[in-house]
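Participant: Start counting the sequence shown at 1; every next residue gets the next number (the UniProt record's numbering).
Cβ atoms here follow ideal geometry from the backbone N, Cα and C, with glycine treated the same way.
Everything numeric in this text was worked out from a predicted model, so none of it was measured.
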Amino acid sequence: MIFDAKEIIKELQKDACLVNGHNNGEIIHGLVELDSMSLRYIPYEWQNRELCEMAVTKNGLSLQFVNLQLRDHALCLLAVEHDGHALHFVPPDKMSKQICLKAIENYPEAIQFIPDNHLDEDVIKQCLALKGRCLSLLPTDKVTQEYCDIAIEQDTWAFNYVPDSLKSYDICFNVVANYGLAIQFIPKKLLDLKLCQTAVEQDHQAYLYIDDEFKTLTLSLYTVQKEGSYLEFVPHELKSYELCLAAMRNDLSAMAFVPEITLKKIFIAFDINEKDSNEVIKLAIKK
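Right, here's the structure in full:
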């Protein structure tokens, strides 16, 4: 049976079990104890301190249904201690640094609900130290080099949210050394062979995101030895006999991207032809 506080209250009122101005404490207390979000159906005049404390302790989001006259600093703090998202329902005049820090401790994304006048250095640093990707939730004018460093240290993926103007070469190098795919988010003006090589060595899939000018024979060979099918993305002029053979040995499907003249040389070298089965070709080129 589905618990429906709204219907229960309606029926109790119809049966005169709940009457305005009477002591409804035990019944209301029981409903909220079963489901704290039932507070939404409790008229403000029936709410009291004890009831609201119980509700937000069970579920901080119940704060949104608390009578504003009862929604004081202590109750708001209690709510965010149990669910940081409850910060969204803290009245502006009850907002404090203590409440903001406690909310972020439980739910870093709560930083999006903090007004500018409470968004200070301590609050931002604590948030980013807990979840670097929250850098994306900061107002643009609040983002600094220091905050970006903290965010990236906590989560390399936070690099995606660093403004290009704050992406230095050193930061970019450190990032791709730990997360090669970040190469796709690096400003073109900072890209060089060293960055691209570092990215691919960390994750060969990064090869897909680097420009042809940085694809050397050595880097391409390294890549196809990891993922033969990536021969498709190797510049034509780099598709040497050795590189194509290495790609086919890793993944025979790479044969589709081998230049015709090079494929003929491989077939001749291993005494095979295009009519042979894949199994025969695999065994032959493994020698």
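1. CB-CB under 8 Å to Lys-265, same chain, minus the five flanking residues each way: which ones, in chain order?
2. Please work out which residues of its chain come closer than 6 Å, Cβ to Cβ, to Ala-55, disregarding the five sequence neighbours upstream and downstream, and give them in chain order.
3. With a cut-off of 8 Å, do at least 3 Cβ pairs link the stretch 202-215 to the stretch 174-190?
4. Return helix, strand or coil for Pro-43, following the three-state DSSP convention.
5. For a test of the three-state rule: what should DSSP assign to Ala-16, helix, strand or coil?
6. According to DSSP, simplified to helix, strand and coil, what is Thr-262?
7. When the Cα of Val-80 is compared with those of Lys-58, Leu-70, Asp-93, which residue comes out closest?
8. Measuring CB to CB, does Leu-78 end up less than 8 Å from Glu-53?
9. Which ranges does the alpha helix (DSSP H) cover as unbroken runs of at least 4 residues, wholly within the stretch 123-206, from first to last along the chain?
10. I believe Ser-253 touches Leu-238 by the beta-carbon criterion, under 8 Å. Please report the beta-carbon distance rounded to the nearest angstrom.
11. Please classify Gln-98: is it buried, with 16 or more other beta-carbons within 10 angstroms of its beta-carbon, or exposed?
12. Using only alpha-carbon positions, find the residue among Lys-215, Ile-210, Asn-250 that is nearest to Ser-229.
13. Grab me the residues of Met-255's own chain with a C-beta within less than 6 Å of its C-beta, minus the 5 sequence neighbours each way, in chain order.
14. Distance check for Phe-185 and Asp-116, CA to CA, integer angstroms please.
15. Starting from Met-248, trace the alpha helix (DSSP H) in both directions and tell me its first and last residue.
16. Give me the Cα-Cα distance between Gln-154 and Ala-129, rounded to the nearest whole angstrom.
17. Under a three-way DSSP split, which group does Arg-49 fall into?
18. How big is the Cα-Cα spacing for Ala-86 and Thr-140?
19. Quick one: grab the DSSP three-state call for Thr-216.
20. Buried or exposed: which applies to Ile-28, given that a residue is buried once 16 or more other Cβ atoms fall within 10 Å of its Cβ?
21. Report back the beta-carbon spacing between Ala-158 and Leu-135 to the nearest angstrom; my notes put them in contact at under 8 Å.
22. Taking the alpha carbon of Gln-47 as the reference point, which residue from Leu-34, Glu-274, Asn-67 has its own alpha carbon closest?
23. Suppose contacts are defined by Cβ-Cβ distances below 8 Å. Is Leu-193 in contact with Cys-172 by that definition?
24. Going by alpha carbons, who is nearest to Val-90 out of Ile-114, Glu-109, Asn-106?
25. Please report the distance separating the alpha-carbon of Gln-112 from that of Phe-233.
Facilitator: On the basis of the coordinates in this document:
1. Tyr-241
2. Val-32, Ser-36, Leu-39, Ser-62
3. yes
4. coil
5. Residue confidence is low: Ala-16 scores 49 on pLDDT, short of 50, so the model does not pin down where it sits. No coordinate-derived value is stated.
6. helix
7. Lys-58
8. yes
9. 145-154, 169-178, 193-202
10. The Cβ separation is near 19 Å, so there is no contact.
11. exposed
12. Asn-250
13. Met-248
14. 29 Å
15. 241-250
16. 6 Å
17. helix
18. 24 Å
19. coil
20. buried
21. 5 Å
22. Asn-67
23. no
24. Ile-114
25. 41 Å
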